[in-house]
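**Student:** Numbering (our numbering), first residue to last: 1 to 355. Positions of the beta carbon are idealized from the N, C-alpha and C atoms, including for glycine. Submitted below is the structure of interest, expressed as structure tokens.
The structure is reproduced here in structure tokens:
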């Protein structure tokens, strides 16, 4: 893809670089994020798990499970109840970003091979850019809402006597100094997980929108190919070149989708089991609600439309045997369902959305 005047995907990449989890980021960012905050996060998470041993009734145990499964559940019931599905599993997100750092960079580099949005005119290109801009605006709005929610969440212990900390956690020694340290750590991690939302979730959603746009452009390109209209050799050669170009791009998009699935599949599994383990959170939320899973469904829908566009090329009326064979093999490949899975076990598709 030719370089845009302003690429909205840079929003996720800038957040990724600032997070300190990118392989090529500055050393001091990586040191703070990976070697200071990450071990402290694991320690705090362990204290939350240990806390279950010290609870006396089912309601206290439920509070512990909520902290463990969704640390932290950033939500203001008073002002931002519409965002109650925005659960930030910081441990899962950060671990996956660290584990698949090279894969995330490969995916971002692959975008340089995407077709330009203006391939079929600036009007269509602006429409695609507006879709990306809308996603970025949505994430920025969620950021502001989450910031207000964090303030309410952190102020809870000051006004509700039953709450010592924003999230239930074991306090070693029951010392006031330990309480202050854990309180500060929870506030820091609230801020970090709000920021990682702009890295992890924004990266996923923007990539899904970008892939959807690429499939739209591919479908539109296939509509311009009609082999049976003119059986002259020059026309068939021109159609053959276009077919090879479209097939190569289709195969490339499938490889990008495969990488995206590999990078996020563990997260789908974590979301499934952590949410069920939470007991008091809404059951099975994949990537903060149904709004984001619809991007996956739209990619699959546009990939399915590709089959009809390939068949509509009028290839069966051509005298070229190689074109007929090429189309047949492409149709077989295009009919393979384009699915996201959780560790290749848990399918994420339309039938799962109502669940």
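Just verifying my parser: in three-state terms, what is the DSSP assignment at residue 173?
**Tutor:** Helix, per DSSP.
**Student:** Is residue 389 helix, strand or coil by DSSP?
**Tutor:** The question about residue 389 has no answer here: the residues shown for the chain are numbered 1 through 355.
**Student:** In chain order, what residues of the same chain have a beta carbon less than 7 Å from the beta carbon of residue 40, not counting five sequence neighbours either side?
**Tutor:** So the qualifying residues of the chain are 185.
**Student:** If we ignore side chains and look at the alpha-carbon of each, how far apart do residue 49 and residue 325 end up?
**Tutor:** Their Cα atoms are separated by approximately 59 Å.
**Student:** By the three-class DSSP mapping on this structure, what secondary structure does residue 162 have?
**Tutor:** Coil at residue 162, not helix or strand.
**Student:** Closest to residue 138 by CA distance: which of 11, 214 and 210 is it?
**Tutor:** Residue 11 is the option with its Cα nearest to residue 138.
**Student:** Which same chain residues end up closer than 7 Å to residue 311 when comparing Cβ atoms and leaving out the 5 residues on each side of it in sequence?
**Tutor:** 331, listed in sequence order.
**Student:** Out of 203, 161 and 170, which has the shortest C-alpha to C-alpha gap to residue 135?
**Tutor:** The shortest C-alpha separation from residue 135 is found at 203.
**Student:** So, with DSSP's three-state summary, where would you put residue 10?
**Tutor:** Helix.
**Student:** Find the nearest neighbour of residue 21 within the set 100, 51 and 8, judged by alpha-carbon distance.
**Tutor:** Of the candidates 100, 51 and 8, the one whose C-alpha sits nearest the C-alpha of residue 21 is 100.
**Student:** Just mark residue 264 as buried or exposed, buried being the case when its beta carbon has 16 or more other beta carbons within 10 Å.
**Tutor:** By the neighbour-count rule (16 or more Cβ atoms within 10 Å), residue 264 is buried.
**Student:** Taking the CB atoms as reference points, tell me whether residue 132 and residue 9 lie closer together than 8 Å.
**Tutor:** Yes, the Cβ-Cβ distance between residue 132 and residue 9 is below 8 Å.
**Student:** Please report the straight-line C-alpha distance between residue 305 and residue 220, rounded to a whole angstrom.
**Tutor:** Residue 305 and residue 220: Cα-Cα distance of roughly 11 Å.
**Student:** Can you tell me the Cβ-Cβ gap for residue 45 and residue 91, rounded? I've got them flagged as a contact below 8 Å.
**Tutor:** Contact holds; Cβ gap of about 5 Å.
**Student:** Taking only the alpha-carbon atoms, compute the straight-line gap between residue 148 and residue 120 and give it to the nearest angstrom.
**Tutor:** Roughly 42 Å separates the two Cα atoms.
**Student:** Does the segment 246 to 258 come close enough to the segment 188 to 204 that 3 or more CB-CB pairs lie under 8 Å?
**Tutor:** Touching, no.
**Student:** By the 10 Å Cβ neighbour count, where 16 or more other Cβ atoms means buried, how is residue 250 classified, buried or exposed?
**Tutor:** Residue 250 is buried by the Cβ-count criterion.
**Student:** Less than 7 Å between C-beta atoms, sequence neighbours within five positions excluded: which residues of the same chain meet that for residue 336?
**Tutor:** Same-chain partners within the cutoff: there are none.
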